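Chains as they are written, first to last, in our numbering: chain H, 309 to 422; chain X, 2 to 118. Everything below concerns the one structure shown next.
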């Protein structure tokens, strides 16, 4: 069956450290992988998109990797801050055709302690 | 643009009643998605539209759920009759021009928190 698994429900990190979140998938062939941030009581907000032929993408303190052989994406936040505390969702987009759709993992709740 | 607009923000209804959730996507976007979020099941895709046409409704849980998109600027998700297990946050999202040209981000509304008692 198709699955998108994010490695843990919750992650607690000391401020200033690098937070690493994992997204693994099975029985999907995504053309794109996206990461979103969700704050309590709000809808998810897009952060980064990486294509299947890209190994790594960066945006400010964020870095995403995409390994289609391992069927895994890693999401890194460097120099983490308490304001980074939120739930982070990975999403698969099979792309290419009008029949494709965006499917989300269950999310990882990240807490950055001062 | 004001973003994706959903209404109502909160809805409390009694079991058996009909519930209609509304969504106005971002102008010019050609994809519209309806999601449901619960603690147990996360963010589930219910149905999505491309150019107002339903493409995949395999995520709709039961025949009690139906969705329409009569025009490019409006969509509804209806539950009739509602049950307590339908209690969740329902999100609408829209995106632009994904037809074979590359993945693009989805823009989400604030959600409708539905409570069925």
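Where is the CB? At the ideal position from N, CA and C, for every residue including glycine. Here the structure is a predicted model, which means the values were calculated and not measured.
Using the beta-carbon of each residue, which ones in chain H are nearer than 9 Å to residue i?
{"i": "residue 50 of chain X", "result": "The contacting residues do not exist; residue 50 of chain X stays about 10 Å from chain H at best."}
How big is the Cα-Cα spacing for residue i and residue j?
{"i": "residue 367 of chain H", "j": "residue 92 of chain X", "result": "26 Å"}
{"i": "residue 58 of chain X", "j": "residue 48 of chain X", "result": "4 Å"}
{"i": "residue 347 of chain H", "j": "residue 71 of chain X", "result": "31 Å"}
{"i": "residue 33 of chain X", "j": "residue 349 of chain H", "result": "21 Å"}
{"i": "residue 343 of chain H", "j": "residue 355 of chain H", "result": "6 Å"}
{"i": "residue 385 of chain H", "j": "residue 322 of chain H", "result": "12 Å"}
{"i": "residue 411 of chain H", "j": "residue 62 of chain X", "result": "16 Å"}
{"i": "residue 371 of chain H", "j": "residue 87 of chain X", "result": "37 Å"}
{"i": "residue 315 of chain H", "j": "residue 417 of chain H", "result": "11 Å"}
{"i": "residue 29 of chain X", "j": "residue 50 of chain X", "result": "14 Å"}
What does residue i touch in chain H if you count any residue whose Cβ is under 8 Å from its own?
{"i": "residue 46 of chain X", "result": "409, 410, 411 and 412"}
I'd like the span of the beta strand (DSSP E) that includes residue i, first residue to last.
{"i": "residue 420 of chain H", "result": "416-421"}
{"i": "residue 336 of chain H", "result": "Residue 336 of chain H -> no beta strand (DSSP E), and no H or E assigned at all."}
{"i": "residue 67 of chain X", "result": "66-72"}
{"i": "residue 45 of chain X", "result": "43-51"}
{"i": "residue 384 of chain H", "result": "380-385"}
{"i": "residue 3 of chain X", "result": "Unbroken run through residue 3 of chain X: none, as it is neither H nor E."}
{"i": "residue 95 of chain X", "result": "89-96"}
{"i": "residue 369 of chain H", "result": "Where residue 369 of chain H is concerned, there is no enclosing beta strand (DSSP E), given that its DSSP letter is neither H nor E."}
{"i": "residue 312 of chain H", "result": "311-314"}
{"i": "residue 11 of chain X", "result": "11-14"}
{"i": "residue 401 of chain H", "result": "394-401"}
When the distance is taken between beta carbons, is residue j closer than 8 Å to residue i?
{"i": "residue 27 of chain X", "j": "residue 108 of chain X", "result": "yes"}
{"i": "residue 21 of chain X", "j": "residue 113 of chain X", "result": "no"}
{"i": "residue 118 of chain X", "j": "residue 5 of chain X", "result": "no"}
{"i": "residue 68 of chain X", "j": "residue 55 of chain X", "result": "yes"}
{"i": "residue 312 of chain H", "j": "residue 415 of chain H", "result": "no"}
{"i": "residue 38 of chain X", "j": "residue 89 of chain X", "result": "yes"}
{"i": "residue 357 of chain H", "j": "residue 44 of chain X", "result": "no"}
Which residues in chain X sit within 7 Å of residue i, going by Cβ to Cβ distance?
{"i": "residue 401 of chain H", "result": "104"}
{"i": "residue 324 of chain H", "result": "Ordered by position in chain X, no residue passes the 7 Å Cβ test against residue 324 of chain H, which lies about 29 Å from the chain."}
Along chain X, which residues have their Cβ under 8 Å away from the Cβ of residue i?
{"i": "residue 357 of chain H", "result": "104, 105 and 106"}
{"i": "residue 354 of chain H", "result": "106, 107 and 108"}
Cα-Cα, which of the options is closest to residue i?
{"i": "residue 361 of chain H", "options": "H:401, H:374 and H:417", "result": "H:374"}
{"i": "residue 352 of chain H", "options": "X:113, X:118 and X:94", "result": "X:94"}
{"i": "residue 40 of chain X", "options": "H:369, H:391 and H:395", "result": "H:395"}
{"i": "residue 381 of chain H", "options": "H:390, H:414, H:391 and H:341", "result": "H:341"}
{"i": "residue 319 of chain H", "options": "H:312, H:330, H:311 and H:358", "result": "H:330"}
{"i": "residue 64 of chain X", "options": "X:75, X:74 and X:79", "result": "X:79"}
{"i": "residue 10 of chain X", "options": "X:106, X:24 and X:17", "result": "X:24"}
{"i": "residue 83 of chain X", "options": "X:7, X:15, X:46 and X:3", "result": "X:15"}
{"i": "residue 66 of chain X", "options": "X:31, X:35 and X:3", "result": "X:35"}
{"i": "residue 383 of chain H", "options": "H:364, H:401 and H:390", "result": "H:364"}
{"i": "residue 393 of chain H", "options": "H:311, H:378 and H:326", "result": "H:326"}
{"i": "residue 73 of chain X", "options": "X:96, X:81 and X:87", "result": "X:96"}
{"i": "residue 336 of chain H", "options": "H:387, H:378, H:388 and H:315", "result": "H:378"}
{"i": "residue 376 of chain H", "options": "H:324, H:338 and H:422", "result": "H:338"}
{"i": "residue 328 of chain H", "options": "H:359, H:369 and H:401", "result": "H:369"}
{"i": "residue 105 of chain X", "options": "H:310, H:421 and H:399", "result": "H:399"}
{"i": "residue 334 of chain H", "options": "H:345, H:402 and H:421", "result": "H:402"}
{"i": "residue 388 of chain H", "options": "H:324, H:310 and H:332", "result": "H:324"}
Show which residues of chain X have a CB atom less than 9 Å away from the CB atom of residue i.
{"i": "residue 397 of chain H", "result": "43 and 44"}
Which chain H residues sit within Cβ distance under 7 Å of residue i?
{"i": "residue 1 of chain X", "result": "Residue 1 of chain X lies beyond the range of chain X shown here (2 to 118); nothing can be said about it."}
{"i": "residue 66 of chain X", "result": "Going along chain H, no residue has its Cβ under 7 Å from residue 66 of chain X, so there is no contact; the nearest lies around 17 Å."}
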